[in-house]
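Visitor: Sequential numbering of the sequence shown, starting at 1165, is according to our numbering. Where a beta carbon is used, it is the ideal one built from N, C-alpha and C, also for glycine. Before anything else, here's the structure in question.
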Amino acid sequence: MEYDQNNVFAKILRGDLPCDKVYEDDFALAFRDINPQAPVHVLVIPKGPYVSIDEFSADATADEQAGLMRAIGATARELGLTGGGYRVLANKGRDAHQEVMHLHFHIFAGRPLGPMLEDGALPPGTNYRRS
Ligand code: 5GP
1165 MEYDQNNVFA KILRGDLPCD KVYEDDFALA FRDINPQAPV HVLVIPKGPY
1215 VSIDEFSADA TADEQAGLMR AIGATARELG LTGGGYRVLA NKGRDAHQEV
1265 MHLHFHIFAG RPLGPMLEDG ALPPGTNYRR S
């Protein structure tokens, strides 16, 4: 998918929109989500123009990829989350309800986070294919 330079996270990276920054290095920026779903809800984004994890893993340099992974862990440490725990999640595309077309990892923490998916495990034999 072609990268849109006018998505909100591109604007935050350029300084055209403000953000509540919690961590930054050469490869990544972390800031608080504007509509938090948990007491701690932070987004970690690469500084390069990537829409999704599959494109990032195919096209980003090894330094960018390592840098983003390091930044996710550094952000969790910076926020003091390593004791109580946290969840890291990245949405891609329609089925995952991706809203902002710049790769981002959500970090959720600060309360019990419930099952991994809203509807939990489906019964054995469930057909997941689209009709
Ligand atoms: P997605 O559904 O794409 O995985 O998540 C996008 C996230 O970005 C949402 O949780 C939404 O609240 C957050 N978001 C959207 N616009 C802004 C913004 O302008 N600033 C910040 N800090 N977060 C935003």
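1) Within the chosen definition, does the stretch 1248-1256 reach the stretch 1178-1190 through at least 3 CB pairs nearer than 8 angstroms?
2) Would you please state the rounded distance, in angstroms, between the beta carbons of Val1298 and Tyr1167? I believe it to be under 8 angstroms.
3) Check whether the Cβ atoms of Ile1271 and Thr1246 lie closer than 9 angstroms to each other.
4) Measuring alpha carbon to alpha carbon, tell me which residue in Asp1223, Ala1260, Ala1224, Leu1243 is nearest Met1280.
5) Relative to ligand 1, is the shortest distance from any of its heavy atoms to the C-beta of Asn1170 smaller than 8 angstroms?
6) May I ask you to check if the CB of Phe1195 is nearer than 8 angstroms to at least one heavy atom of ligand 1?
7) Relative to the C-alpha of Ala1296, which candidate in Phe1220, Gly1212, Gly1257, Asp1197 has its C-alpha closest?
Guide: Inspection of the coordinates gives the following:
1) no
2) This structure gives no information on residue 1298, because the portion of the chain shown stretches from 1165 to 1295.
3) Counting from one through the sequence shown, the residue named residue 1271 turns up at place 107. Counting from one through the sequence shown, the residue named residue 1246 turns up at place 82. For Ile1271 and Thr1246, no; Cβs fall outside 9 angstroms.
4) Here the question's residue 1280 lines up with position 116 in the sequence shown. Closest by alpha carbon: Ala1260.
5) Along the sequence shown, one-based indexing puts residue 1170 at 6. Not under cutoff, so the answer is no.
6) By one-based count along the sequence shown, residue 1195 stands at place 31. It does: the Cβ of Phe1195 is within 8 angstroms (strictly closer) of some heavy atom of ligand 1.
7) The question about residue 1296 has no answer, for the chain in this structure spans 1165 to 1295.
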